[in-house]
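Asker: Residue numbers (my numbering): 16 to 312.
1) At the level of alpha carbons, what is the spacing between residue 192 and residue 160?
2) Can you look up residue 130 in the DSSP assignment and give me helix, strand or coil?
3) Have a look at residue 290 and residue 116 and give me their C-alpha separation to the nearest angstrom.
4) Is the beta carbon of residue 53 less than 8 Å from the beta carbon of residue 212?
5) Taking the alpha helix (DSSP H) that residue 193 belongs to, which residues open and close that run?
6) Can you name the start and end residues of the alpha helix (DSSP H) that residue 233 belongs to?
7) For the alpha helix (DSSP H) holding residue 2, just list the boundary residues, first then last.
8) Taking the straight line between their C-alpha atoms, what separation do you get for residue 194 and residue 111?
9) Alpha carbons only, please: which of 96, 168, 198 and 45 is nearest the one belonging to residue 86?
10) In this structure, how does DSSP classify residue 114 when only helix, strand and coil are distinguished?
11) Residue 300 by DSSP, collapsed to three states: which one?
12) Considering only the alpha carbon of each residue, which of 122, 188, 219 and 69 lies closest to residue 296?
13) Can you grab the Cα-Cα spacing for the pair residue 245 / residue 126, in whole Å?
14) Is the stretch 212–228 close to the stretch 55–63, with three or more CB pairs under 8 Å?
15) Could you tell me the boundaries of the alpha helix (DSSP H) in which residue 138 lies?
16) Taking 8 Å as the threshold (C-beta atoms), are residue 251 and residue 41 in contact?
17) Using only the alpha-carbon positions, how far apart do residue 131 and residue 279 sit?
18) DSSP three-state label for residue 228, please.
19) Mind the definition here: the stretch 171–188 touches the stretch 298–306 only if three or more C-beta pairs lie below 8 Å; say whether that holds.
20) Alpha carbon to alpha carbon, how far is residue 312 from residue 29?
21) For residue 53, which beta-bridge partners are listed by DSSP?
22) Taking only beta-carbon positions, decide if residue 257 is within less than 8 Å of chain B.
23) What residue range does the alpha helix (DSSP H) around residue 208 cover?
24) Please check the pair residue 235 and residue 48, which I expect to be a contact at CB under 8 Å, by giving their CB distance rounded to whole angstroms.
25) Which value, in whole angstroms, describes the spacing of the CA atoms of residue 88 and residue 82?
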């Protein structure tokens with residue numbers, strides 16, 4: 016069944032985004048756990064490598080058209096480089112700072128997406144309400160950055176900066192898909208570009224970042240396998256499909272749920288400290304995202 020592109024978010028899209036938000040909120044905690052067994056860059060590259068074959072198998076099972084000679088290879092390489100940078104920065108960030116702080120900064124991605132969409136897509140121009148939302152959300156990010164109490168170490172700022180860098184790369188991926196011929200190819204092919212290129216870049220680079228394998232246990236392997244299948248493969252296939260069906264800017268209000276879930280899982284799994292200032296920062300970012308997504312009447 017072929018789904019038509021929507022000009023607004025409907026119940027199906029909302030349900031898919033909520034489910035994806037839960038997975039992404041959980042993802043940061045799982046990555047930090049697996050970092051104790053695999054070094055960040057190696058884990059990221061290995062996850063892409065394994066997920067590549069899961070997506071390839073899914074494409075074969077569902078008989079999706081995969082054609083790397085359709086003129087999109089150049090764009091696919093761009094996506095792959097952005098994907099590699101995004102996840103290398105994200106995984107390394109979790110070495111320096113808490114899951115909660117990474118969740119706040121990394122999932123600020125819709126802010127950067129909204130700014131980029133303003134310049135690329137006439138139908139998604141920033142109006143007064145969206146500009147106000149951007150200002151509020153950026154104020155929340157600044158407040159979060161200034162919260163010394165929620166920092167795990169003196170070098171937490173490194174993780175914060177890397178998480179924001181990862182968010183910018185993620186926004187670049189979303190915009191590149193919408194602005195290029197990739198919007199017309201299957202989600203599976205888009206994911207194969209990202210996973211394949213990132214695996215080819217990250218795995219050879221992993222030894223440059225020190226010891227690749229740490230203390231691996233059966234439990235960590237199970238968590239890693241869940242990441243590969245449920246998040247890096249099927250979860251991101253769903254997200255890539257949503258991008259082709261719904262306005263990028265309309266994803267903002269739902270993305271509020273992801274940092275909330277991320278902070279929750281950070282507190283639940285790692286007992287991350289939660290301060291009043293950090294909570295206000297989270298609310299400001301969420302409120303800003305809601306204003307960005309608010310439709311003009």
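The beta carbon of each residue, even a glycine, is placed where N, CA and C say it ideally should be.
Answerer: Looking at the coordinates:
1) Taking the chain shown and counting its residues from 1, one reaches residue 192 at position 177. Taking the chain shown and counting its residues from 1, one reaches residue 160 at position 145. Rounded to the nearest angstrom, the two C-alpha atoms are 30 Å apart.
2) By one-based count along the chain shown, residue 130 stands at place 115. Here residue 130 sits in helix by DSSP.
3) Counting from one through the chain shown, the residue named residue 290 turns up at place 275. Counting from one through the chain shown, the residue named residue 116 turns up at place 101. Spanning the two alpha carbons is a distance of roughly 11 Å.
4) In the chain shown, counting from the first residue as 1, residue 53 sits at position 38. In the chain shown, counting from the first residue as 1, residue 212 sits at position 197. Going by C-beta atoms, residue 53 is not nearer than 8 Å to residue 212.
5) Residue mapping note: residue 193 aligns to position 178 of the chain shown, counting from 1. Element bounds for residue 193: 171–194.
6) For the purposes of this step, residue 233 is taken as residue 218 along the chain shown, with counting starting at 1. It spans 233–241 - the alpha helix (DSSP H) in which residue 233 sits, taken as one unbroken run.
7) It is not possible to answer for residue 2, since the shown part of the chain is limited to 16 through 312.
8) If you number the chain shown from 1, residue 194 lands on position 179. If you number the chain shown from 1, residue 111 lands on position 96. Going by the C-alpha atoms only, they are around 34 Å apart.
9) Along the chain shown, one-based indexing puts residue 86 at 71. Here the closest residue by C-alpha is 198.
10) On the chain shown, residue 114 is found 99 positions in, with the first residue counted as 1. Residue 114 falls in the helix class under three-state DSSP.
11) Mapped onto the chain shown, residue 300 falls at position 285. The answer is helix: DSSP assigns residue 300 an H, G or I state.
12) As a first step, residue 296 must be located in the chain shown, where it is residue number 281. For the residues 122, 188, 219 and 69, the minimum Cα distance to residue 296 belongs to 122.
13) Here the question's residue 245 lines up with position 230 in the chain shown. Here the question's residue 126 lines up with position 111 in the chain shown. In a straight line, the C-alpha of residue 245 is about 26 Å away from that of residue 126.
14) yes
15) The residue labelled residue 138 in the question sits at position 123 within the chain shown. Run containing residue 138: none; DSSP gives neither H nor E here.
16) Residue numbering aside, residue 41 sits at position 26 when the chain shown is read from its first letter. Residue numbering aside, residue 251 sits at position 236 when the chain shown is read from its first letter. Their beta carbons are not under 8 Å apart, which means residue 41 does not touch residue 251 by this criterion.
17) Counting from 1 along the chain shown, the entry for residue 131 is found at position 116. Counting from 1 along the chain shown, the entry for residue 279 is found at position 264. Distance between the alpha carbons of residue 131 and residue 279: 29 Å.
18) The residue given as residue 228 occupies position 213 in the chain shown. The answer is strand: DSSP assigns residue 228 an E or B state.
19) no
20) On the chain shown, residue 312 is found 297 positions in, with the first residue counted as 1. On the chain shown, residue 29 is found 14 positions in, with the first residue counted as 1. For residue 312, the predicted model reports a pLDDT of 49, less than 50, meaning its position is unreliable; a value from the coordinates is still stated below. Roughly 21 Å between the two C-alpha positions.
21) Residue numbering aside, residue 53 sits at position 38 when the chain shown is read from its first letter. Beta-bridge pairing links residue 53 to 228.
22) Looking at the structure shown, chain B is missing, and only one protein chain is on hand.
23) As a working note, residue 208 is residue 193 in the chain shown. Where residue 208 is concerned, the enclosing alpha helix (DSSP H) stretches over 202–220.
24) Taking the first residue of the chain shown as position 1, residue 235 is located at position 220. Taking the first residue of the chain shown as position 1, residue 48 is located at position 33. Contact flag correct, Cβ pair sits at about 7 Å.
25) Taking the first residue of the chain shown as position 1, residue 88 is located at position 73. Taking the first residue of the chain shown as position 1, residue 82 is located at position 67. Spanning the two alpha carbons is a distance of roughly 9 Å.
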